[in-house]
Amino acid sequence: MGLEKRFEKQKYLSTPDRIDLAESLGLSQLQVKTWYQNRRMKWKKIVLQGGGLESPTKPKGRPKKNSIPSSEQLTEQERAKETEKEGESLTSPCEVNQEE
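With the UniProt record's numbering, the residue at position 41 of the sequence shown is 41, and numbering never jumps.
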């Protein structure tokens with residue numbers, strides 16, 4: 001299988017996959033690794049410019065920097081949930097029945 005066909009199926013190669021592919025093509029691991037890095041940059045550039053549809057095999061590598069909440073954000077979220085629960089518990093069932 002050629003580099004382009006393999007790239008269409010798999011955007012990132014594990015070390016064993018890279019070794020196997022390099023051996024099957026008669027290339028060094030470094031050549032395959034470098035080709036993949038360059039090809040991913042080209043692919044990302046095309047996707048960002050809207051020149052291609054995003055592939056279902058979009059990289060599942062590291063999460064984006066802002067996608068993981070900081071400890072401060074987590075604390076804020078927890079406080080908001082607690083405040084929301086406290087607000088719900090202030091309304092007793094008796095008060096709800098009296099309003100009807």
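Cβ coordinates follow ideal geometry from the N, Cα and C atoms, glycine included.
These numbers were taken from a predicted model, which means no experiment stands behind them.
Apply the 10 Å Cβ neighbour rule to residue i and answer buried if 16 or more other Cβ atoms are within range, or exposed otherwise.
i: LEU21; result: buried
Measure from the alpha carbon of residue i to the alpha carbon of each residue in the options, then state which is nearest.
i: THR40; options: GLU8, GLU23 and GLN29; result: Sequence inspection shows Arg at residue 40; the Thr mentioned does not correspond to that position. Minimum Cα distance to ARG40 is reached at GLU8.
i: GLU4; options: ASN38, SER28 and THR15; result: ASN38
i: GLY2; options: GLN77, LEU30, SER14 and TRP35; result: TRP35
i: SER14; options: LYS85, VAL32, GLU78 and LEU25; result: VAL32
i: LYS11; options: VAL47, TRP43 and GLY26; result: TRP43
Original post:
Can you list the alpha helix (DSSP H) stretches of 4 or more residues lying completely in the UniProt DNA-binding region "Homeobox" (3-47), in chain order?
Top reply: 3-9 and 15-25
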